[in-house]
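The structure appears right after this line, and notes come after that.
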Amino acid sequence: MRRGLSLLLVTAGALGVAACAGPVGPPEVTFFASGKSVAAKPTQYCDVKVENCQADSKAAAVLRVPKGQEVTISVDPRIGQTPWQVVFRYRQPDNGRIDGRSEVFAPNKQLAYTLKLPEATSQLETIEVHQFGAAISANTEGGVSFGTRGTWVVSVDDRG
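With mature numbering (1 follows the signal peptide of the UniProt record, and there is no 0) applied, the sequence shown corresponds to residues -21 to -1, 1 to 139, in that order.
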């Protein structure tokens, strides 16, 4: 009887340590629009120095987003503890395509962002979340560029 109790306590302790070890695998980003949501895995994910990278072209998600609809984006806390940004493309009624970006969110400041297009007649096409890493390089304008550690992509289904 005592041996069975010891085995149970050892097993419970091992499970407790595993639970405290934190999430396994790369973080996900959840996108919400029109009462639906989709969780996206990274299409690219690197170590913090943006050196050892893995790509998964099948990780891009698809979400139905009607014209003018806003999208709420929720990032895993592991993304939110680093600088991150939302990059998107939409088209206007005259078929002109426009690329846009949110501000860069500072580490540990926010885990969600609501993307609102400027006009109700605009149609969102793609959304990406970029997590920045520790790789820094000078750019041609005399500024500094941060390497993108992770990218989460959603293609928009705009069928009416």
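For each residue, glycine too, the CB sits at the ideal point set by N, CA and C.
>> Rounded to whole angstroms, what is the Cα-Cα separation between Arg80 and Glu98?
In response: 16 Å
>> I'd like to confirm something about Arg70: is its beta-carbon nearer than 7 Å to some heavy atom of the ligand ZN, or not?
In response: The model on display carries no ligand, and the ligand ZN is accordingly not part of it.
> Which of the three DSSP states, helix, strand or coil, is assigned to Lys15?
Replying inline: strand
> Where does Arg57 fall in DSSP's three states?
Replying inline: In this structure, Arg57 counts as helix in the three-state DSSP scheme.
> My guess is that Leu90 and Pro56 are in contact by the Cβ rule of under 8 Å, so how many angstroms apart are they, rounded?
Replying inline: Rounded to whole angstroms, the Cβ separation of Leu90 and Pro56 is 6 Å, and the two are in contact under 8 Å.
>> I'd like to know whether the C-beta atoms of Val83 and Gln64 end up nearer to each other than 8 Å.
In response: yes
> Can you name, in chain order, every residue of its own chain whose Cβ lies under 8 Å from the Cβ of Pro86, other than the five neighbours on each side?
Replying inline: For Pro86, where only same-chain residues beyond five positions count, the Cβ hits under 8 Å are Gly59, Gln60, Thr61 and Pro62.
> Under the three-state reduction of DSSP, which class applies to Ala40: helix, strand or coil?
Replying inline: strand
> What three-state label does DSSP hand Thr100 in the structure shown?
Replying inline: coil
> By the 10 Å Cβ neighbour count, where 16 or more other Cβ atoms means buried, how is Gly4 classified, buried or exposed?
Replying inline: exposed
> What's the gap between the Cα of Pro21 and the Cα of Pro72?
Replying inline: 31 Å
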